[in-house]
Amino acid sequence: MIEQQVRPSDVLELRVLSALAAIMREDFVAEDLVPLAYADTELPIGYGQTMLSPVVEGRFLQALDIQQEEHVLEIGTGSGYFTALLAQLAKQVSSIELIAELSEQAQQKLREIENIALYIGDASQGWALPDRVDVIVITAAFVTVPERYKHALQVGGRMLVVVGVSPAMEVQIIKRTAERQWQTETVFETVIPAMINAEPKPEFEF
Numbered sequence: 006m007i008e009q010q011v012r013p014s015d016v017l018e019l020r021v022l023s024a025l026a027a028i029m030r031e032d033f034v035a036e037d038l039v040p041l042a043y044a045d046t047e048l049p050i051g052y053g054q055t056m057l058s059p060v061v062e063g064r065f066l067q068a069l070d071i072q073q074e075e076h077v078l079e080i081g082t083g084s085g086y087f088t089a090l091l092a093q094l095a096k097q098v099s100s101i102e103l104i105a106e107l108s109e110q111a112q113q114k115l116r117e118i119e120n121i122a123l124y125i126g127d128a129s130q131g132w133a134l135p136d137r138v139d140v141i142v143i144t145a146a147f148v149t150v151p152e153r154y155k156h157a158l159q160v161g162g163r164m165l166v167v168v169g170v171s172p173a174m175e176v177q178i179i180k181r182t183a184e185r186q187w188q189t190e191t192v193f194e195t196v197i198p199a200m201i202n203a204e205p206k207p208e209f210e211f
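Be aware that the sequence shown starts at 6, since it is given in this note's numbering, and climbs by one per residue.
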């Protein structure tokens, strides 16, 4: 997966590649999907949700440049695979999942990783922990980014979010540069599923 898919997509950061090598992707998919665990495609994980492709996950991690002393807030635990990757890079990972059954399944797979805390809740309008975090990564797309997420960042922190409506979506890094100032950079384009309860409104034709 790393040599054939991730490296050719310009994911070259050694810490990211080491994390991808350390976490076994097949441990986070259904038994009948194990042969496809490393395919460069989204895989179903139940309840209408999917696991992002390995290349997208690698590019997300490289764009975030997570440091060992940082606290990461992940929106969308899903299978728990990306959560485990984050935990390889960060000091602490707090992960939110709307679907309780997915969170419970992820908990079983992640129980031996000590720097992960899982929560169940609807983060479609934002989510705030008691303390601000260094990094936020959102694994589903928004049409517009809820302001609450921006305010949950430490000054100097950054957030990765996919913004737009399929097929026109872009990955943005939003950095909090001062108490009331943010900078946004578009790093690449991709298409991922929309955030539940924040899906784009259908356009009506008359």
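We put the beta carbon where it would ideally sit given N, CA and C, even for glycine.
Item: Thinking just about the alpha-carbon of each residue, which of I121, A122, R153 and I141 is nearest to the one in Q130?; Value: R153
Item: So, under 8 angstroms CB-CB, L90 and L66 are touching, yes? Tell me the CB distance rounded to an integer number of Å.; Value: 6 angstroms
Item: DSSP three-state call for K155: helix, strand or coil?; Value: helix
Item: Just to confirm the assignment, what range does the beta strand (DSSP E) spanning Y124 have?; Value: I121 to I125
Item: Applying the criterion that 16 or more other CB atoms from any shown protein chain within 10 Å of the CB defines a buried residue, is Y86 buried or exposed?; Value: buried
Item: Look at the Cβ atom of F193, then the Cβ atom of V170, and state whether they are nearer than 9 angstroms.; Value: no
Item: Please confirm whether E62 and Y43 have their CB atoms less than 9 angstroms apart.; Value: no
Item: Got a sec, what are the start and stop residues for the beta strand (DSSP E) L38 sits in?; Value: Unbroken run through L38: none, as it is neither H nor E.
Item: Excluding the 5 residues preceding and the 5 following M200 in the sequence, name in chain order all residues of the same chain whose CB lies nearer than 7 angstroms to its CB.; Value: S129, A145, A146 and F147
Item: Going by C-alpha distance, which of M174, A173 and L165 is nearest K180?; Value: L165
Item: Skipping 5 residues on each side, what residues in its chain have a beta carbon closer than 7 angstroms to that of F211?; Value: Because F211 carries a pLDDT of 47, less than 50, the predicted location of this residue cannot be relied on, and the following value inherits that uncertainty. Hits under 7 angstroms: none found.
Item: Could you check what DSSP says for T88 in three-state terms: helix, strand or coil?; Value: helix
Item: Rank T195, L57, E190 and Q186 by C-alpha distance to the C-alpha of A173 and give the top, closest one.; Value: T195
Item: Determine the DSSP secondary structure at D45, reduced to helix, strand or coil.; Value: coil
Item: May I ask you to list the residues that DSSP assigns as paired with M200?; Value: Partner(s): none; M200 has no beta bridge.
Item: Which ranges would you report for the beta strand (DSSP E) in the region 50-88 if only whole runs of at least 3 residues count?; Value: 54-56 and 76-80
Item: Going straight from the alpha carbon of L57 to that of R185, what length do you get?; Value: 32 angstroms
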